[in-house]
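**Student:** Mind looking over this structure? Questions follow.
In our numbering, the protein residues as written are 62 to 311.
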């Protein structure tokens, strides 16, 4: 069996050599072969020459692919990029403002305490000094009339919950609201000018007045604002707001 296979292989090599030599008109091994009376056509010579060339058995060679005809810039990319596809595009992460650290909140109003307020005020003060961005503080206080009940007791706690609801609804996600006394509330407004802070307290005052008239409680909601400046820190602005309020809040 091995002898027969060797004979067939030798015969095949001899026939291929004869076919290739027939193209140029002279056999490779010196034997007589078909010689045409005229020179063959060039295209037929190319086809016969390609048929005589042994095929490559190397499976590790990468195949060649033709890039599709595209008008965009991807048409000029490499074959590897075409096979693997376009590069993944990662979305830029949106920088969100830092929220205050979660701590124990006021049990009645659900707002931040004075400790949270002091921490948030110091952080915002440092940010204003570093970047020169605007920031404001607002004080909202409930003042009772002479015929009103004592606001330092149970009435103060009963009024704190609806006023806190109005403040949360009017404030933004980055604003910090703290209950610092029975009926006193501090609001830190980052990226807010004094004029914008006044609009904020105006909305809060209108909503609180509507609710107070509906329940018939003889109290009044007062508010004051102050903004930080090139030479005014937020702590100083808070003291100015207290003086403007005129009732010694906080």
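Idealized CB from N, CA, C, for every residue including glycine. Given the structure is predicted, the values throughout are model-derived calculations rather than measurements.
1) Between the alpha carbons of residue 242 and residue 254, how many angstroms are there, rounded?
2) Tell me whether the stretch 174 to 181 and the stretch 263 to 283 touch, counting them as touching only if at least three CB pairs, one residue from each stretch, are closer than 8 Å.
3) At which residues does the beta strand (DSSP E) containing residue 281 begin and terminate?
4) Which residue comes first and which comes last in the beta strand (DSSP E) that contains residue 205?
5) Near residue 268, which residues of its chain fall below 6 Å by C-beta distance, leaving aside the five closest residues on each side in sequence?
6) Tell me where the alpha helix (DSSP H) around residue 301 begins and ends.
7) Between which two residues does the beta strand (DSSP E) containing residue 249 stretch?
8) Between which residues of its own chain and residue 295 is the CB-CB distance below 8 Å, once the five residues before and five after are set aside?
9) Are the beta-carbon atoms of residue 275 and residue 287 separated by less than 9 Å?
10) Would a C-beta distance cut-off of 9 Å place residue 221 and residue 170 closer than the cut-off?
11) Can you tell me where the beta strand (DSSP E) holding residue 240 begins and where it ends?
12) Nearest CA to the CA of residue 307: which residue from 191, 202, 172?
13) Measuring alpha carbon to alpha carbon, tell me which residue in 258, 282, 272, 293 is nearest residue 236.
**Tutor:** Taking the definition as stated:
1) 26 Å
2) no
3) 280 to 288
4) 196 to 205
5) 227
6) 295 to 306
7) 245 to 251
8) 182, 185, 186, 189, 196, 198, 249, 289
9) no
10) yes
11) 237 to 240
12) 202
13) 258
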